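Take my numbering: the last position of the sequence shown gets the number 418, and nothing is skipped along the way. For each residue, glycine too, the CB sits at the ideal point set by N, CA and C. Keep in mind the model is a prediction, meaning the values are calculated, not measured.
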Amino acid sequence: MPSPYRAIFSAPGTKGFSAAGFFGRMPLSMMGIGVVTMISQLTGRYGLAGALSATLAMSAAVCGPQVSRLVDRYGQRRVLRPVTLVAVAAVAGLLICAQQGMPEWTLFLFSVGAGCVPSVGSMVRSRWAEIYRGSSRDLHTAYAWESIVDEVCFIFGPIISIGLSTAWFPEAGPLIAAGFLLAGVFWLTAQRATEPVPHPKSQHSGGSALRSRGLQVLVATFVATGAIFGGVDVVTVAFAEDRGHKSAASLVLAVYALGSCLAGAVFGLLHLKGNPATRWLVGVVAMAVSMIPLQLAGNLPLLAVALFVAGLAIAPTMVTTMALVEAHVPRTKLTEGMTWTSTGLAVGVALGSSAAGWVVDAAGAKAGYAVPVAAGALAAVVAFLGYRRLAGPATTGGRGEDERHLRTDEDEHVA
């Protein structure tokens with residue numbers, strides 16, 4: 004492990020909560036694609052599969068910020084455990100209904116409950132922020148590390164989910180994902196020493212963290228960015244099936260995540276100067292442009308190469324996003340603020356996967372890649388329009404001199 008990464012783990016408890024966060028985040032890459040694979044296996048209907056995946060994502064988008072707001076006030080352990088039990092029970096109901104061929108409305112009903120999962124990535128990042136609040140360089144490295152963990156989840160998660168659902172039985176992928184969620188959350192919340200101190204309601208002012216103008220830009224852009232990811236997932240499964248190698252979709256998607264993982268690892272070693280908002284804008288535009296070659300890929304190897312290149316822009320953009328959230332959101336609402344970016348992604352994944360599913364059913368798999376291309380273009384437009392909000396001074400109203408100090412430090416050192 005490079006020395007900057009080794010250094011951040013010198014603080015007590017960091018290895019434990021990061022490892023727990025890895026398991027807790029595996030469902031992020033497994034559940035949606037697992038449901039798509041399961042439903043397509045059982046019914047052959049990608050439209051229904053995409054709609055159910057969209058329902059999962061939309062439910063997470065609605066519930067995630069509310070769960071995180073409660074976490075900021077009452078602590079991770081008190082909130083995350085009961086919420087996780089509800090989500091796991093709903094996943095069980097979804098799998099039973101799918102296996103028994105019950106009416107479609109039951110699938111959507113349980114998908115709503117299954118989507119009520121906590122944003123484990125936000126919980127872990129808030130622990131890093133608590134530990135390294137006064138050291139923006141270490142915090143930059145920590146955020147980069149967590150982006151690497153995210154991408155490792157997306158490398159192995161689809162392989163496990165799609166592989167098990169195609170090799171064992173259709174419901175295997177979502178079932179294992181629920182097991183990862185349960186184990187990861189309970190392991191994370193058992194580690195009380197690194198849990199951020201909750202902020203009572205009396206310390207909260209100004210309503211939701213989403214009132215921050217900078218956060219609004221990040222969330223809006225991430226809706227379009229999420230549509231890229233959702234579209235790519237669904238269309239890649241259909242594309243691989245068209246070519247007689249459906250199980251290979253997991254490997255192709257893993258290559259997509261590998262590109263991001265490698266870029267994130269390198270990015271975490273850098274200490275770039277200048278305005279992070281500018282680097283964020285460049286990253287969003289790069290993600291948009293990288294979607295264009297997908298429409299030209301005529302086989303799985305070429306598609307894998309195109310996705311690997313596309314993945315190089317993801318992790319650096321995500322790392323910079325977390326730095327911008329930390330700068331534009333009051334500390335008392337940091338977990339909620341981070342979750343709002345995940346919410347934007349979830350909404351986008353819902354829209355992208357649903358749209359891609361219908362396009363695949365109507366016009367074929369290759370035509371479906373027009374969905375992430377359009378989503379990328381929209382993300383770039385929104386990022387350009389909102390850039391000045393991010394580049395200007397943060398007006399959080401809750402961090403005073405400490406916030407301004409961190410903001411200045413980030414401008415000097417953090418991407």
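Q. Which residue from Leu-83, Leu-112 and Pro-173 puts its Cα closest to that of Gln-102?
A. Against the sequence shown, residue 102 aligns to sequence position 99. The candidate whose alpha carbon is nearest that of Gln-102 is Pro-173.
Q. The alpha helix (DSSP H) with Arg-81 in it runs from where to where?
A. Taking the first residue of the sequence shown as position 1, residue 81 is located at position 78. Note, Arg-81: alpha helix (DSSP H), 79-102.
Q: Following the continuous alpha helix (DSSP H) through Thr-335, name the residue where it begins and the one where it ends.
A: Mapped onto the sequence shown, residue 335 falls at position 332. Taken as a continuous stretch (DSSP letters only), Thr-335 belongs to no alpha helix (DSSP H), as it is neither H nor E.
**Q.** Met-41 - containing alpha helix (DSSP H), residue span
**A.** By 1-based counting over the sequence shown, the position of residue 41 is 38. Met-41 -> alpha helix (DSSP H) spans 17-46.
Q. Using 8 Å as the threshold, is the segment 130-139 in touch with the segment 313-324, meaning 3 or more CB pairs across them?
A. no
(Q) Below 8 Å, how does it come out for the segment 278-295 and the segment 381-392: are there three or more Cβ pairs, yes or no? (A) yes
Q | is_contact[Leu-306, chain B] using C-beta, thresh 8 Å | A | The displayed structure is made up of one protein chain only, and chain B is not part of it.
Q | Spatially closest choice to Val-70 from Ala-90, Thr-58, Trp-131 and Ala-54, by CA coordinates | A | As a working note, residue 70 is residue 67 in the sequence shown. Among Ala-90, Thr-58, Trp-131 and Ala-54, the Cα nearest to that of Val-70 belongs to Ala-90.
Q. Could you give the distance in angstroms between the alpha-carbon of His-207 and the alpha-carbon of Lys-336?
A. Within the sequence shown, the letter at position 204 stands for residue 207. Within the sequence shown, the letter at position 333 stands for residue 336. Unreliable positioning characterises His-207 in this predicted model, as indicated by a pLDDT of 47, which lies under 50. The coordinate reading is nonetheless provided below. C-alpha separation (whole angstroms): 8 Å.
**Q.** Cβ separation of Gly-267 and Glu-154, assumed to be a contact under 8 Å, to the nearest whole Å
**A.** Looking up residue 267 in the sequence shown gives position 264. Looking up residue 154 in the sequence shown gives position 151. The pair is a contact, with the Cβ atoms about 6 Å apart (cut-off 8 Å).
Q) Once you ignore the five residues that flank Gly-116 on each side, which residues in its own chain have a CB closer than 6 Å to its CB? A) Working through the sequence shown from its first residue, we reach residue 116 at position 113. Here the set comprises Ala-93.
Q. How is Cys-264 classed by DSSP in three states: helix, strand or coil?
A. Along the sequence shown, one-based indexing puts residue 264 at 261. Three-state result, Cys-264: helix.
Q. If you run the structure through DSSP and keep just helix, strand and coil, what is Lys-276?
A. In the sequence shown, counting from the first residue as 1, residue 276 sits at position 273. Coil.
Q. Which residue comes first and which comes last in the alpha helix (DSSP H) that contains Arg-9?
A. Position 6 of the sequence shown, counted from the start, is the residue given in the question as residue 9. From DSSP, the alpha helix (DSSP H) with Arg-9 extends over 6-11.
(Q) Whole angstroms are fine: how far does the CA of Gly-247 sit from the CA of Leu-218? (A) Counting from 1 along the sequence shown, the entry for residue 218 is found at position 215. Counting from 1 along the sequence shown, the entry for residue 247 is found at position 244. About 43 Å.
Q | Coil, strand or helix - Phe-232 by DSSP | A | Taking the first residue of the sequence shown as position 1, residue 232 is located at position 229. In this structure, Phe-232 counts as helix in the three-state DSSP scheme.
Q.
Could you compute how far the alpha carbon of Pro-304 sits from the alpha carbon of Leu-310?
A. Locating residue 304 in the sequence shown gives position 301, where the first residue counts as 1. Locating residue 310 in the sequence shown gives position 307, where the first residue counts as 1. Rounded to whole angstroms, Pro-304 to Leu-310 spans 10 Å at the Cα level.
(Q) Let's test the definition: count the other Cβ atoms within 10 Å of the Cβ of Asp-75 and tell me whether it reaches 16, buried, or not, exposed. (A) Here the question's residue 75 lines up with position 72 in the sequence shown. With 16 or more Cβ atoms within 10 Å of its Cβ, Asp-75 is classed as buried.
Q | Bounding residues of the alpha helix (DSSP H) (the contiguous stretch that carries Gly-128) | A | On the sequence shown, residue 128 is found 125 positions in, with the first residue counted as 1. It is Arg, not Gly, that sits at residue 128 in the sequence shown. Taken as a continuous stretch (DSSP letters only), the alpha helix (DSSP H) holding Arg-128 covers 123-134.
(Q) Taking the alpha helix (DSSP H) that Ile-179 belongs to, which residues open and close that run? (A) In the sequence shown, the residue the question calls residue 179 occupies position 176. Its alpha helix (DSSP H) spans residues 175-192.
Q | Whole runs of the alpha helix (DSSP H) within the segment 277-317, excluding any shorter than 4 residues | A | 279-292 and 303-314
Q | Pro-106, DSSP secondary structure in three states | A | Your numbering for residue 106 matches position 103 in the sequence shown. In the structure shown, Pro-106 sits in coil (DSSP, three-state: anything other than H, G, I, E or B).
Q. What do you reckon, are the CB atoms on Ala-3 and Ala-383 nearer than 8 Å?
A. This structure cannot settle anything about residue 3, because the visible part of the chain is limited to 4 through 418.
Q) Pick from Ser-56, Arg-28 and Thr-197: whose alpha carbon is nearest that of Leu-97? A) Within the sequence shown, the letter at position 94 stands for residue 97. Nearest option by C-alpha distance: Ser-56.
Q: Helix, strand or coil for Phe-172, going by three-state DSSP, please let me know.
A: Working through the sequence shown from its first residue, we reach residue 172 at position 169. Reduced to three states, the DSSP call for Phe-172 is coil.
Q.
I want to know whether the segment 57-69 touches the segment 347-358 - three or more CB-CB distances under 8 Å.
A. yes
Q: Please classify Met-33: is it buried, with 16 or more other beta-carbons within 10 angstroms of its beta-carbon, or exposed?
A: As a position in the sequence shown, residue 33 is number 30, starting the count at 1. It is buried - the Cβ of Met-33 has at least 16 other Cβ atoms within 10 Å.
Q. Would Gly-355 pass as a contact of Val-376 if the rule is Cβ separation under 8 Å?
A. As a working mapping, residue 355 is identified with position 352 in the sequence shown. As a working mapping, residue 376 is identified with position 373 in the sequence shown. Not a contact, by the Cβ cut-off of 8 Å.
Q. Met-476: buried (16+ other C-beta within 10 angstroms of its C-beta) or exposed?
A. A question about residue 476 goes unanswered here, because the residues of the chain that appear run from 4 up to 418.
Q) Can you tell which of Leu-272, Ser-345 and Asp-236 has the C-alpha that lies nearest to the C-alpha of Arg-9? A) The residue labelled residue 9 in the question sits at position 6 within the sequence shown. Of Leu-272, Ser-345 and Asp-236, the residue nearest in Cα terms is Leu-272.
Q: Pull up the distance between the alpha-carbon of Leu-381 and that of Ala-227, whole angstroms please.
A: Here residue 381 corresponds to residue number 378 of the sequence shown, with the count starting at 1. Here residue 227 corresponds to residue number 224 of the sequence shown, with the count starting at 1. Using only the alpha carbons, I get a separation of about 6 Å.
Q: Measuring alpha carbon to alpha carbon, tell me which of Ser-122, Val-285, Leu-112 and Glu-107 ends up nearest Thr-46.
A: For this step, residue 46 is matched to residue 43 along the sequence shown. Cα-wise, what sits closest to Thr-46 is Glu-107.
Q. With DSSP run on the structure shown, which of helix, strand or coil describes Thr-197?
A. Residue numbering aside, residue 197 sits at position 194 when the sequence shown is read from its first letter. Three-state DSSP puts Thr-197 in coil, outside helix and strand.
Q: Go ahead and label Lys-249 buried or exposed: buried means 16 or more other beta carbons lie within 10 angstroms of its beta carbon, across all protein chains shown.
A: Mapped onto the sequence shown, residue 249 falls at position 246. Buried.
Q) With a Cβ-Cβ cutoff of 8 Å, do Phe-25 and Val-120 count as a contact? A) Stepping through the sequence shown from its first residue, residue 25 is reached at position 22. Stepping through the sequence shown from its first residue, residue 120 is reached at position 117. Not closer than 8 Å, so no.
Q | Proximity below 8 Å, CB of Trp-124 to CB of Glu-149 | A | The residue given as residue 124 occupies position 121 in the sequence shown. The residue given as residue 149 occupies position 146 in the sequence shown. It should be noted that the sequence gives Gly, not Trp, for residue 124. Yes; because the gap between Cβ atoms is below 8 Å, this pair is in contact.
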